[in-house]
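For reference, the structure is listed below as structure tokens.
The following block contains the structure:
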């Protein structure tokens, strides 16, 4: 009887060892799988965070473009775009919470853009103020490295259409102006009308200028100018502070 | 011989028991840390999104330039979830502190504080660049 009990104990111990080994294996594998899953989520979350940072830095470059265009369109130097972007790039290099950030840029230069700035104001019925540049943003930390290449174009445009009646002593003009930011209709902050010939411009007295705001970026302007007036120039400042001008022929 | 085997098996069993307990300890020590990291990263993301939202129309830089830090605090309180407390500091390009007032919606009761850094470029004709340090925590 005792022999039988001893044999049984010995057998049970062997089974216990196998069951315990299985339990441990199960525990280790499930724990590993769980921890791996968590680390994957953390890694994904880290990437998402870097994505947020890239969006935030892109917002900064966009604001810099708007500031530079507002300055250039109001009489500032076109070189200011590069100067401001250099300054932004330097500040970006000084932030380290997500790793190192490096911003490289190239302002557009072609027949329309000079040092990234385009001010096409002398065309009839349409005016464009625009800034354009290409960026390469590099965000590098221990987890990952992101290189993003993107273009930013900031454009305020103005279209002018309408008609005028020559009444002998003066001309009565009725013009419709539309203001756009990157092809989206926007409200104007300020509208001024000038008239003249041979490049001498006189502002239409604001009290004699009738403006109807349709609330969707469309404005109706009515004003009277001397009969020898050849052209009217419409000046619009949008909500971003960017000035754009367009010519309308009155001859 | 049999007694000696039984003794060995008991030692192995004891060893396995220790191993199981040790594994349980290891797992329980690691999991909350991972969750805390997740929560912190989510807070950073929330903070960055809030600042981007305010910066979209240039109101963030406008508040800083006009030294209207009360408006900035109120705007941030509106954009961030109610359960999140924050403390914001604004630095200029030379990393000198700009805000004289404390821009915060209360004290931090949590030890789990997240940190977000944001570069704010102004939109107006006189270009300015600021570095914003935003500390965030979930209120208990």
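Residue numbers (the numbering used here), protein chains in the order written: chain A, 311 to 561; chain B, -8 to 131. In this text, a Cβ means the ideal position worked out from N, Cα and C, and glycines have one as well.
Boundaries of the beta strand (DSSP E) in which residue 499/A is found, first to last residue: Locating residue 499/A in the first chain gives position 189, counting from the first residue. Residue 499/A -> beta strand (DSSP E) spans 498 to 507.
For the alpha helix (DSSP H) holding residue 522/A, just list the boundary residues, first then last. Here the question's residue 522/A lines up with position 212 in the first chain. Where residue 522/A is concerned, there is no enclosing alpha helix (DSSP H), although the beta strand (DSSP E) around it starts and stops at 520 to 523.
Take residue 29/B and list the residues in its own chain whose beta-carbon comes closer than 6 Å to its own, dropping the five residues that flank it on each side. As a working note, residue 29/B is residue 38 in the second chain. In this prediction, residue 29/B scores a pLDDT of 48, lower than 50, which makes its location untrustworthy; the coordinate-derived value is nonetheless stated afterwards. Nothing listed; no residue qualifies.
So for residue 443/A, helix, strand or coil by DSSP? Residue numbering aside, residue 443/A sits at position 133 when the first chain is read from its first letter. The answer is strand: DSSP assigns residue 443/A an E or B state.
Can you tell me the Cβ-Cβ gap for residue 113/B and residue 52/B, rounded? I've got them flagged as a contact below 8 Å. Working through the second chain from its first residue, we reach residue 113/B at position 122. Working through the second chain from its first residue, we reach residue 52/B at position 61. The Cβ separation is near 4 Å, so the contact holds.
For residue 406/A, is the classification buried or exposed, using 16 other Cβ atoms within 10 angstroms of its Cβ as the cut-off for buried? Counted from its first residue, the first chain places residue 406/A at position 96. When all chains shown are included, residue 406/A counts as exposed.
Given a limit of 9 Å on CB to CB distance, which residues of the segment 398 to 428 of chain A reach chain B? Going along the segment 398 to 428 of chain A in chain order, one finds 398, 400, 401, 402, 404, 405, 406, 407, 408 and 411 with a Cβ nearer than 9 Å to chain B.
Please compile the residues from chain B whose C-beta is within a distance smaller than 9 Å of the C-beta of residue 381/A. Sequence index remark: in the first chain, residue 381/A carries index 71 (1-based). Near residue 381/A (Cβ distances below 9 Å), the residues of chain B are 115, 116, 117 and 118.
At the 8 Å Cβ level, is residue 111/B part of the contact set with chain A, yes or no? Walking along the second chain from the start, residue 111/B turns up at place 120. Chain A, which has a Cβ nearer than 8 Å to the Cβ of residue 111/B, makes this yes.
Just confirm the distance between the C-beta atoms of residue 440/A and residue 464/A, as a whole number of angstroms; I'd bet it's less than 8 Å. Within the first chain, numbered from 1, the residue matching residue 440/A stands at position 130. Within the first chain, numbered from 1, the residue matching residue 464/A stands at position 154. That belief holds up - the Cβ atoms of residue 440/A and residue 464/A are roughly 7 Å apart, short of 8 Å.
Do residue 123/B and residue 111/B count as a contact pair if the criterion is CB distance below 8 Å? As a position in the second chain, residue 111/B is number 120, starting the count at 1. As a position in the second chain, residue 123/B is number 132, starting the count at 1. Result yes, Cβ atoms of residue 111/B and residue 123/B sit closer than 8 Å.
Report, in whole angstroms, the separation of the C-beta atoms of residue 397/A and residue 427/A, which I expect to be a contact under 8 Å. Indexing the first chain from 1 puts residue 397/A at position 87. Indexing the first chain from 1 puts residue 427/A at position 117. About 17 Å separates the two Cβ atoms, so there is no contact after all.
Given a limit of 8 Å on CB to CB distance, which residues of the segment 30 to 58 of chain B reach chain A? 32, 33, 35, 36, 39, 40, 42, 43, 46, 47, 49 and 52
Nearest-angstrom Cα distance between residue -1/B and residue 9/B? In the second chain, the residue the question calls residue -1/B occupies position 8. In the second chain, the residue the question calls residue 9/B occupies position 18. So the two alpha carbons sit approximately 15 Å from each other.
Going by DSSP, name the residue or residues bridged to residue 437/A. Walking along the first chain from the start, residue 437/A turns up at place 127. According to DSSP, which records beta bridges pairwise, residue 437/A is partnered with 468/A.
Which residue or residues does DSSP assign as beta-bridge partners of residue 409/A? To locate residue 409/A, count along the first chain from 1; it is residue 99. Partner(s): 407/A.
Go ahead and label residue 43/B buried or exposed: buried means 16 or more other beta carbons lie within 10 angstroms of its beta carbon, across all protein chains shown. Numbered from 1 along the second chain, position 52 holds the residue referred to as residue 43/B. Burial call: buried.
With DSSP as the reference, please indicate the residues paired to residue 455/A in a beta bridge. Within the first chain, residue 455/A is the residue found at index 145, counting from 1. Beta-bridge pairing links residue 455/A to 450/A.
Kindly list, in the order they appear in chain B, the residues whose Cβ is closer than 9 Å to that of residue 479/A. Residue 479/A sits at position 169 when you count from the first residue of the first chain. Within chain B, no residue comes near residue 479/A; the closest Cβ sits about 41 Å away, beyond 9 Å.
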